[in-house]
Amino acid sequence: MAFQPLTYAGQYPPLTPRSPSDNASFDLLHTSLRSQPELAREGDKILNEEMLAKLVDGMRRFQRDHLGRKAKSKYWPTLRLPDILFSDRSSHPGPLATAILSAFRIKQTSSWRNFNFDNPKLFDDNISIIKKIQGDLLNRGFLKRPVLFFDGSVEEGLGSAEVVRLTKIAQRFGATVVEDPKEVVDGRVTHVVAYDPEEHDAKEVMEEEERRERG
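Written out as structure tokens, the structure reads:
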């Protein structure tokens, strides 16, 4: 389960992180951010195309290591930001520009001077950055929370108690669970959950469940 991103107009094709072409892709975004009063005092060594590429790469890797499906984090449940977000290069107030501004707002009220998503001592601060970004993107309409519908096959295959358990998990992640099939037809539902006995009993799925139960 993940946030549902909207269509981003400034989408770039996949680029090698922090490569010359990746750095150059931040040119328009950097110019746009420079015009924001909140970033007027940021020096050239902190706010430039290369540092923006480094910041985005750091956030992506931090999410992958600590907020992924197989990651073990004391901050569970915390959803990852959609990866498509980090490929956006549209100017402010685009989604990535909004995310970067959110990150700088946290930085400007903190004791540390530079972003560092690899430093364990800044783990709590980096989680705060991700959560700040999530809140601001939701408020601006660049993300929407998941809306789930459990297909009848889930109750048939796993029982009503499991449906209740899965519903509680989804709600902990901030999702809405609906029961009316009409909401699927109307397009409000972002995810339909169905039961597949072959996938449910697959070795990798069972191993993941056992790992979660061990904590």
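All residue numbers for the sequence shown refer to the working numbering, where the first residue is 491 and numbers rise by one.
Don't be surprised by glycine CBs; every beta carbon is placed ideally from N, CA and C.
Heavy atom of the ligand NAP within 6 Å of Arg554 beta-carbon: Ligands displayed in this structure: none; no statement on the ligand NAP is therefore possible.
contact_flag[the stretch 545-555, the stretch 567-578] where n(CB pairs < 8 Å) is 3 or more: yes
Met491, DSSP secondary structure in three states: In the sequence shown, counting from the first residue as 1, residue 491 sits at position 1. With a pLDDT of 48 at Met491, under the threshold of 50, the modelled position of that residue is not reliable, and the figure given next carries that caveat. The answer is coil: DSSP assigns Met491 none of H, G, I, E or B.
Check whether Gly548 and Phe607 have beta carbons under 7 Å apart: On the sequence shown, residue 548 is found 58 positions in, with the first residue counted as 1. On the sequence shown, residue 607 is found 117 positions in, with the first residue counted as 1. Closer than 7 Å, so yes.
Proximity below 7 Å, CB of Leu518 to CB of Ser511: Numbered from 1 along the sequence shown, position 28 holds the residue referred to as residue 518. Numbered from 1 along the sequence shown, position 21 holds the residue referred to as residue 511. Their beta carbons are not under 7 Å apart, which means Leu518 does not touch Ser511 by this criterion.
Classification of Gly584 by the beta-carbon crowding that lies within 10 angstroms, buried from 16 upward: Taking the sequence shown and counting its residues from 1, the one referred to as residue 584 is at position 94. Buried, since its Cβ has 16 or more Cβ neighbours within 10 Å.
Lys535, buried or exposed, once every other Cβ within 10 Å from all chains shown has been counted against 16: Counting from one through the sequence shown, the residue named residue 535 turns up at place 45. Exposed: under 16 other Cβ atoms inside 10 Å.
Distance between Ser643 and Lys611 (C-alpha atoms, nearest Å): As a working mapping, residue 611 is identified with position 121 in the sequence shown. As a working mapping, residue 643 is identified with position 153 in the sequence shown. Cα-Cα distance, rounded: 45 Å.
Coil, strand or helix - Leu633 by DSSP: Residue numbering aside, residue 633 sits at position 143 when the sequence shown is read from its first letter. In the structure shown, Leu633 sits in a strand (DSSP, three-state: E or B).
C-alpha gap between Ser601 and Ala651, whole angstroms: Along the sequence shown, read from residue 1 onward, the residue named residue 601 stands at position 111. Along the sequence shown, read from residue 1 onward, the residue named residue 651 stands at position 161. Ser601 and Ala651: Cα-Cα distance of roughly 47 Å.
Exposure label - Asp676; buried when at least 16 CB within 10 Å: If you number the sequence shown from 1, residue 676 lands on position 186. When all chains shown are included, Asp676 counts as exposed.
Short Cβ contact (7 Å threshold) for Leu638 with Val667: For this step, residue 638 is matched to residue 148 along the sequence shown. For this step, residue 667 is matched to residue 177 along the sequence shown. Yes, these two residues count as a Cβ contact at 7 Å.
For Asp547, three-class secondary structure by DSSP: Within the sequence shown, numbered from 1, the residue matching residue 547 stands at position 57. Asp547: helix per DSSP, three-state reduction.
Cutoff 6 Å; reference His681; Cβ partners in own chain excluding five residues on either side: By 1-based counting over the sequence shown, the position of residue 681 is 191. Result list for His681: Pro636, Leu638, in chain order.
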